[in-house]
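Reviewing the structure listed below.
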Amino acid sequence: MTGSRSALVVLTGAGVSADSGVATFRGGGGLWEGHHVEDVATPLAWARDPKLVWRFYQLRRRALGNVEPNAAHRALAELERELSLGGIPFTLVTQNVDDLHERAGSSPLHMHGELVQLRCERCGAIVRELEHLAPDAFLPCASCGHARVRPDIVWFGEMPYFMDRIERALCTCTHFVSIGTSGVVYPAAGFLSLARQAGARTYVNSLEAPDNLEPRDTFRAGRAIDVVPALSAELLGELLGES
Ligand code: OAD
Numbered sequence: 018m019t020g021s022r023s024a025l026v027v028l029t030g031a032g033v034s035a036d037s038g039v040a041t042f043r044g045g046g047g048l049w050e051g052h053h054v055e056d057v058a059t060p061l062a063w064a065r066d067p068k069l070v071w072r073f074y075q076l077r078r079r080a081l082g083n084v085e086p087n088a089a090h091r092a093l094a095e096l097e098r099e100l101s102l103g104g105i106p107f108t109l110v111t112q113n114v115d116d117l118h119e120r121a122g123s124s125p126l127h128m129h130g131e132l133v134q135l136r137c138e139r140c141g142a143i144v145r146e147l148e149h150l151a152p153d154a155f156l157p158c159a160s161c162g163h164a165r166v167r168p169d170i171v172w173f174g175e176m177p178y179f180m181d182r183i184e185r186a187l188c189t190c191t192h193f194v195s196i197g198t199s200g201v202v203y204p205a206a207g208f209l210s211l212a213r214q215a216g217a218r219t220y221v222n223s224l225e226a227p228d229n230l231e232p233r234d235t236f237r238a239g240r241a242i243d244v245v246p247a248l249s250a251e252l253l254g255e256l257l258g259e260s
């Protein structure tokens, strides 16, 4: 351990999983996998048409079996391991609900929840499972017996997870990287600005400049699989060099 003051926060969005074959949110003409987001990703949608919402997320859960982590996920996992050996704090925050970071070996904070997790809408008990994937059969809660668990996804209008931990990490980071996110959904879209306020060096990778980009950010345009491995190596050198 080096007792450094360097610290890295990485935020990922749908773009990091795009090359694994997971659809992004804003690439389909305003539709997400053929649905308007308000028809499937709000508490109101669940109250109004739970069958539609359940089916939508069950198909997303099932699709996890058809995708694999890509070079960007793997590079971030390697970076996490190397920084951990060097005693440098590293926080990976993802807006993604897939499990590709974990499968690559990372330990992300899933601020928008996870497809592999279900939550009882009555007692709040959480279960991690990917066995019950039937699109039309609700799953009862194993803890309280309630007829229906819901996806453990943070829907629009709900509070994202881990916000205290994330904000603490942002306030003390010296380096911040945003990968594959359009910078329009808050609070995640505000992390870049919080990191700048903390004095961090800021890096952004995306296909096109996101809404929240500023001239002082280092912008690397391109696919995450092409950009992130080299960027991770560069950051590792910088962070270890400064520690
Ligand atoms: P978006 O679909 O809004 O944006 C995807 C971003 O990734 C865009 O900036 C693209 O340029 C970029 N991109 C696409 N392919 C890429 C690639 N191969 N390599 C690098 N970048 C690429 O997705 P998010 O910003 O993640 O929230 O969306 C944020 C939130 O909005 C989601 O977490 C979700 C959604 O509504 C909830 O469900 C609560």
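First residue of the sequence shown: 18, per my numbering; consecutive thereafter.
Just so it is clear, CB atoms sit at the ideal spot from N, CA and C, and this is done for glycine as well.
Quiz item: Quick one: Cα of residue 234 to Cα of residue 70, how far?
Solution: 38 Å
Practice problem: Tell me whether residue 209 counts as near ligand 1, meaning its Cβ is closer than 6 Å to at least one heavy atom of that ligand. | Solution: no
Self-check item: Element boundaries [alpha helix (DSSP H), containing residue 195]
Solution: Taken as a continuous stretch (DSSP letters only), residue 195 belongs to no alpha helix (DSSP H), being part of the beta strand (DSSP E) at 192 to 196.
Quiz item: What three-state label does DSSP hand residue 125 in the structure shown?
Solution: coil
Quiz item: So, is the C-beta of residue 126 closer than 7 Å to a C-beta in chain B?
Solution: Reference to chain B is not applicable here, since this structure consists of a single protein chain.
Practice problem: Could you check the C-alpha separation between residue 240 and residue 114 for me, to the nearest Å? | Solution: 20 Å
Exercise. Rounded to whole angstroms, what's the CA-CA distance from residue 59 to residue 244? Just pull it up for me.
Key: Residue 59 and residue 244 have their C-alpha atoms some 33 Å from each other.
Practice problem: Taking only the alpha-carbon atoms, compute the straight-line gap between residue 140 and residue 162 and give it to the nearest angstrom. | Solution: 9 Å
Self-check item: Backbone secondary structure at residue 27 - three-state DSSP
Solution: strand
Quiz item: Span of the beta strand (DSSP E) holding residue 143?
Solution: Segment 143 to 145, the beta strand (DSSP E) holding residue 143.
Exercise. Please report how far the alpha carbon of residue 138 lies from the alpha carbon of residue 96, in whole angstroms.
Key: 37 Å
Exercise. Go through its chain and collect everything with a Cβ distance to residue 179's Cβ below 7 Å, but skip five positions before and after it.
Key: 126, 128
Practice problem: Could you tell me whether the stretch 193 to 212 touches the stretch 51 to 65, using the rule of 3 or more Cβ pairs below 8 Å? | Solution: no
Quiz item: Buried or exposed: where does residue 20 fall if 16 or more other Cβ atoms within 10 Å of its Cβ makes it buried?
Solution: Bear in mind that the predicted position of residue 20 carries a pLDDT of just 46, short of 50, making it unreliable; the figure below should be weighed with that in mind. By the 10 Å Cβ count, residue 20 comes out exposed.
Self-check item: Inter-residue CB distance, residue 196 and residue 27 (contact presumed, cutoff 8 Å)
Solution: 7 Å
Practice problem: Report the three-state DSSP secondary structure of residue 83 (helix, strand or coil). | Solution: helix
Practice problem: Thinking residue 132 and residue 78 are a contact (beta carbons under 8 Å), I'd like their distance in whole angstroms, please. | Solution: Confirmed, Cβ separation roughly 5 Å.
Practice problem: For residue 18, count neighbouring Cβ atoms within 10 angstroms of its own Cβ and tell me buried if that reaches 16, exposed if not. | Solution: At residue 18 the pLDDT is 43, less than 50, meaning the model places this residue with poor confidence; the figure from the coordinates comes in the next sentence. Residue 18 comes out exposed.
Quiz item: According to DSSP, what are the bridge partners of residue 222?
Solution: 196, 237
Exercise. Taking only the alpha-carbon atoms, compute the straight-line gap between residue 238 and residue 248 and give it to the nearest angstrom.
Key: Here the alpha carbon of residue 238 sits roughly 12 Å from the alpha carbon of residue 248.
Practice problem: Could you tell me the boundaries of the alpha helix (DSSP H) in which residue 188 lies? | Solution: 180 to 189
Exercise. Indicate the three-state DSSP secondary structure (helix, strand or coil) for residue 97 in the structure shown.
Key: helix
Quiz item: Does at least one heavy atom of ligand 1 sit under 6 Å from the Cβ of residue 88?
Solution: no
Practice problem: Drop a sphere of 10 angstroms on the beta-carbon of residue 201, count the other beta-carbons inside from all chains shown, and report buried for 16 or more, exposed for fewer. | Solution: exposed
Quiz item: What's the call for residue 167, buried or exposed, on a 16-neighbour Cβ count within 10 Å?
Solution: With a threshold of 16 other beta carbon atoms within 10 Å, residue 167 meets it and is buried.
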